[in-house]
Amino acid sequence: MNTARLRMLEEEMEKVRTRLYQAVAGHPARLDQAGVLPISRRLDRLIVEYQKERNKKQ
């Protein structure tokens, strides 16, 4: 497990999560907007990558 890599992923996830929240702006109906999907997919990929990195320790 690379702790520096985990920290970098955590920071990137937080940035992307913030972008996602801003894109939706508290309106669930905006989840259908075209610009939201790429942000959501990016966050999903980061989460999977983070979990894989964490599992290397176990």
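If you read the sequence shown in the working numbering, its first letter stands for residue 1180, the second for the next number, and so on.
We put the beta carbon where it would ideally sit given N, CA and C, even for glycine.
Presumed contact (8 Å Cβ cut-off) between residue i and residue j, rounded CB distance
i       : j       : result
Leu1199 : Tyr1229 : Not confirmed; about 16 Å, so no contact.
Alpha-carbon spacing of residue i relative to residue j, whole angstroms
i       : j       : result
Ala1202 : Thr1182 : 30 Å
Gly1214 : Arg1220 : 11 Å
Asp1211 : Val1227 : 23 Å
Asn1234 : Ile1218 : 24 Å
Short Cβ contact (8 Å threshold) for residue i with residue j
i       : j       : result
Leu1216 : Arg1196 : no
Beta-carbon proximity list for residue i, same chain, < 7 Å, skipping 5 on both sides
i       : result
Leu1225 : Leu1188, Glu1191, Met1192, Val1195
Ala1208 : none
Contacts around residue i, its chain only, beta-carbon distance under 6 Å, and the 5 residues preceding and following it disregarded
i       : result
Glu1232 : Arg1184, Leu1185
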